[in-house]
Amino acid sequence: MNKKHFIFIPVILFLTAALFSGCTVKKSGPISRTGFYFDTVISIAIYDSENETILDGCMKMASHYDQLLSAQKEGSDIWNVNHAKGKPVTVDSDTADLLQKALYYARLSGGRFDPTLGGVSSLWNFNGQTPGPVPAASDISSALTHVGYQNIELSGNTVTLKDPDTQIDLGAIAKGYIADQIKSYLQKQGVKSAIINLGGNVLLVGSKPDHEEFTIGIQKPFADNSTYITTVSASDLSIVSSGTYERYFEQDGKKYHHILDPSTGYPVENHLLGVTILSKLSVDGDGLSTTCFVLGLDEGMKLIESLPDTEAVFITDDDQLHYSSGFPQ
Ligand code: ADP
Ligand code: MG
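Residue numbers (my numbering): 21 to 349.
Written as structure tokens, this is what we have:
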């Protein structure tokens, strides 16, 4: 993982909580918990309850979904499918729901978003203390022959890989889905004011206890983690970003980032630095942030304009911001 992740997440949580939202209804302030799941730092802050067991419940859910959906964790649903050599595998209904969503974005983007990039993405090392190096071209091209979302057959809760060497990777959309599940758990517990932050994927539960909107900062690419290019004031909204600055390494003076072009197996190069999606559901925000990044500014913006209740800001490498027509500025 890029070091920046470690610093940014607490910053966005505590800054948004303390400075931006500035909520002081409860004398003791919000209760919050930080953990490390899905290869990133997550934080949950609850503003209208002091019941720590609700936070315990959130962390238990994070651990459960990490174990269910991670391609790297032996025995997870995704690991089981990837190691079944093409045999049918029965998965949890959550896994099936999420796969369904991933396939929806794969079809919508004509395969530019592709949940079967696992064989290629595992060749790249964007995590850890020493990310890199660039994989061998021959390894990328042979892994690419097994990429193709049409290789996933999903029938009810049964998943079959038509190509036994295809590898599923839901990293581009899982955090959004999990955030939505945590939100509905919080709501069932009676929480009406909270911020769920899964590695920079932010999902707002309600508004601040005084009914004012939360204000969330959108990070400036490659800048100091507390430097924002813009802020969004909202309640009950998902704010999800995908960017070249999130996970990357440099080799021979060139930056390599973690959003891959399924037609080449290499990082997408289209003059975008980042895309932030505003949506009701975080699974859609997460799916769309990666999809729009791969589609690029023109096609991505067209897609956003065609979708109801969905807004976006694209950041290009000339540091310009491009807002969709209904973006709350
Ligand atoms: P993050 O997970 O860092 O918040 P994203 O939501 O944009 O960022 O997801 C990027 C991850 O998705 C990559 O690390 C990789 O696992 C996977 N991925 C990369 N390119 C694609 C793609 N074109 N389609 C689907 N998944 C992708
Ligand atoms: Mg995404």
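Don't be surprised by glycine CBs; every beta carbon is placed ideally from N, CA and C.
Inset, instruction - With DSSP collapsed to three states, give me the class of Asp339. - result: Along the sequence shown, one-based indexing puts residue 339 at 319. Asp339 falls in the coil class under three-state DSSP.
Legend entry - Check whether Leu143 and Pro151 have beta carbons under 9 Å apart: Here residue 143 refers to the residue found at position 123 when the sequence shown is read from its first residue. Here residue 151 refers to the residue found at position 131 when the sequence shown is read from its first residue. No, the Cβ-Cβ distance between Leu143 and Pro151 is not below 9 Å.
Inset, instruction - Please determine, among Gly191, Ala254, Ala126, Ile236, the residue with the shortest C-alpha to C-alpha distance to Ser246. - result: By one-based count along the sequence shown, residue 246 stands at place 226. When each option's Cα is compared against that of Ser246, the closest is Ile236.
Legend entry - Any residue whose CB is nearer than 7 Å to a heavy atom belonging to ligand 2, listed in chain order: Ala192, Ile193, Gly196, Val260, Ser262, Asp306, Gly307, Ser309, Thr310
Inset, instruction - Following the continuous alpha helix (DSSP H) through Tyr124, name the residue where it begins and the one where it ends. - result: Taking the sequence shown and counting its residues from 1, one reaches residue 124 at position 104. Where Tyr124 is concerned, the enclosing alpha helix (DSSP H) stretches over 113-128.
Inset, instruction - Name the residue from Glu266, Ser345, Ala332 whose alpha carbon lies nearest to the alpha carbon of Val61. - result: Position 41 of the sequence shown, counted from the start, is the residue given in the question as residue 61. The residue with the shortest Cα to Cα distance from Val61 is Glu266.
Inset, instruction - Use the C-beta contact count for Pro108: other C-beta atoms within 10 angstroms, 16 or more gives buried, fewer gives exposed. - result: Stepping through the sequence shown from its first residue, residue 108 is reached at position 88. Exposed, because fewer than 16 other Cβ atoms sit within 10 Å of the Cβ of Pro108.
Legend entry - Other residues of its chain near Leu88: CB distance less than 7 Å, five sequence neighbours each side excluded: What you label residue 88 is simply residue 68 of the sequence shown in a count that begins at 1. Only Ser96, Asp97, Asp112, Asp114, Thr115 meet the Cβ criterion.
Inset, instruction - Have a look at the DSSP bridge pairing and note the partners of Leu287. - result: If you number the sequence shown from 1, residue 287 lands on position 267. Correcting the residue identity first, residue 287 is Pro in this sequence and not Leu. Answer is Leu280, bridged to Pro287.
Inset, instruction - Note down the Cα distance separating Gln187 from Met79, rounded to an integer number of angstroms. - result: In the sequence shown, counting from the first residue as 1, residue 187 sits at position 167. In the sequence shown, counting from the first residue as 1, residue 79 sits at position 59. Taking the straight line joining both Cα atoms gives about 28 Å.
Inset, instruction - Could you check the C-alpha separation between Asp256 and Lys300 for me, to the nearest Å? - result: For the purposes of this step, residue 256 is taken as the residue at position 236 of the sequence shown. For the purposes of this step, residue 300 is taken as the residue at position 280 of the sequence shown. If you take the alpha carbons of Asp256 and Lys300, they lie about 7 Å apart.
Legend entry - Length of the line joining the Cα atoms of Leu128 and Asp318: Your numbering for residue 128 matches position 108 in the sequence shown. Your numbering for residue 318 matches position 298 in the sequence shown. Answer to the nearest angstrom: the Cα atoms are 15 Å apart.
Legend entry - Cβ distance (whole Å) where Ile259 is taken to contact Tyr248 below 8 Å: Taking the first residue of the sequence shown as 1, we reach residue 259 at position 239. Taking the first residue of the sequence shown as 1, we reach residue 248 at position 228. About 12 Å; that fails the 8 Å criterion.
Inset, instruction - Consider the C-beta atom of Ser141 and the heavy atoms of ligand 1; say whether any pair is separated by less than 8 Å. - result: Within the sequence shown, residue 141 is the residue found at index 121, counting from 1. Checking the Cβ of Ser141 against ligand 1 gives yes.
Legend entry - Rounded straight-line distance, which links the Cα of Lys105 to that of Val252: For the purposes of this step, residue 252 is taken as the residue at position 232 of the sequence shown. For the purposes of this step, residue 105 is taken as the residue at position 85 of the sequence shown. Rounded to whole angstroms, Val252 to Lys105 spans 46 Å at the Cα level.
Legend entry - Three or more C-beta pairs below 8 Å linking the segment 290-309 and the segment 334-343: yes
Legend entry - Asn221 CB to nearest heavy atom of ligand 1 below 8 Å: Working through the sequence shown from its first residue, we reach residue 221 at position 201. Answer for Asn221: yes, Cβ within range of ligand 1.
Legend entry - Sufficient close CB pairs (3 or more, under 8 Å) joining the segment 298-317 to the segment 160-169: no
Inset, instruction - Enumerate, from N- to C-terminal direction, the unbroken alpha helix (DSSP H) stretches of 4 or more residues contained entirely within the segment 152-195. - result: 157-164
Legend entry - Residue closest to Thr264, alpha-carbon to alpha-carbon, out of Asn217, Ser227, Val222, Cys312: Position 244 of the sequence shown, counted from the start, is the residue given in the question as residue 264. The candidate whose alpha carbon is nearest that of Thr264 is Cys312.
Legend entry - Separation of Asp281 from His103, as counted between CA atoms: The sequence position of residue 103 within the sequence shown is 83, counting from 1. The sequence position of residue 281 within the sequence shown is 261, counting from 1. So the two alpha carbons sit approximately 24 Å from each other.
Inset, instruction - With a threshold of 16 other CB atoms inside 10 Å of the CB of His277, please say whether the residue is buried or exposed. - result: Indexing the sequence shown from 1 puts residue 277 at position 257. With 16 or more Cβ atoms within 10 Å of its Cβ, His277 is classed as buried.
Inset, instruction - With DSSP as the reference, label Leu143 as helix, strand or coil. - result: Taking the sequence shown and counting its residues from 1, one reaches residue 143 at position 123. Note: Leu143 maps to coil in three-state DSSP.
Legend entry - Contact the segment 199-219 vs the segment 69-84: 3+ CB pairs below 8 Å: yes
Inset, instruction - Might you give, ordered along the chain, the residues of its own chain that have their beta carbon closer than 7 Å to the beta carbon of Ser344, omitting 5 neighbours on each side? - result: Within the sequence shown, numbered from 1, the residue matching residue 344 stands at position 324. Only Met321, Ile324, Glu325, Glu331, Ala332 meet the Cβ criterion.
Legend entry - Residue range of the beta strand (DSSP E) that includes Val211: Position 191 of the sequence shown, counted from the first residue, corresponds to residue 211. Segment: none, Val211 is in no beta strand (DSSP E) and carries neither H nor E.
Inset, instruction - Counting only the same chain and skipping the five closest in sequence on each side, list residues whose C-beta sits under 8 Å from that of Gly307. - result: Residue mapping note: residue 307 aligns to position 287 of the sequence shown, counting from 1. Hits under 8 Å: Lys121, Ala122, Tyr124, Tyr125, Phe133, Ala192, Ile193, Gly196.
Inset, instruction - Determine which residues share a DSSP beta bridge with Glu70 and list them. - result: Along the sequence shown, read from residue 1 onward, the residue named residue 70 stands at position 50. In the DSSP output, where bridge partners are listed per residue, Glu70 has none listed.
Legend entry - CB of Glu221 within 9 Å of CB of Ser162, strictly: To locate residue 221, count along the sequence shown from 1; it is residue 201. To locate residue 162, count along the sequence shown from 1; it is residue 142. The sequence given here has Asn at residue 221, not Glu. Result no, Cβ atoms of Asn221 and Ser162 do not sit closer than 9 Å.
Legend entry - Contact with chain D by Asp230, beta-carbon distance below 9 Å: Looking at the structure shown, chain D is missing, and only one protein chain is on hand.
Legend entry - Span separating the alpha-carbon of Asp200 from that of Glu72: On the sequence shown, residue 200 is found 180 positions in, with the first residue counted as 1. On the sequence shown, residue 72 is found 52 positions in, with the first residue counted as 1. Cα to Cα, the separation comes out at about 20 Å.
Legend entry - Contacts around Pro348, its chain only, beta-carbon distance under 6 Å, and the 5 residues preceding and following it disregarded: The residue given as residue 348 occupies position 328 in the sequence shown. None.
Legend entry - Inter-residue CB distance, Thr110 and Asn217 (contact presumed, cutoff 8 Å): Walking along the sequence shown from the start, residue 110 turns up at place 90. Walking along the sequence shown from the start, residue 217 turns up at place 197. No, Thr110 and Asn217 are not in contact; Cβ-Cβ is about 33 Å, not under 8 Å.
Legend entry - Residues near Asp183 in its chain [Cβ-Cβ closer than 6 Å; skip 5 each side]: Looking up residue 183 in the sequence shown gives position 163. Answer for Asp183: His166, Asn171, listed in chain order.
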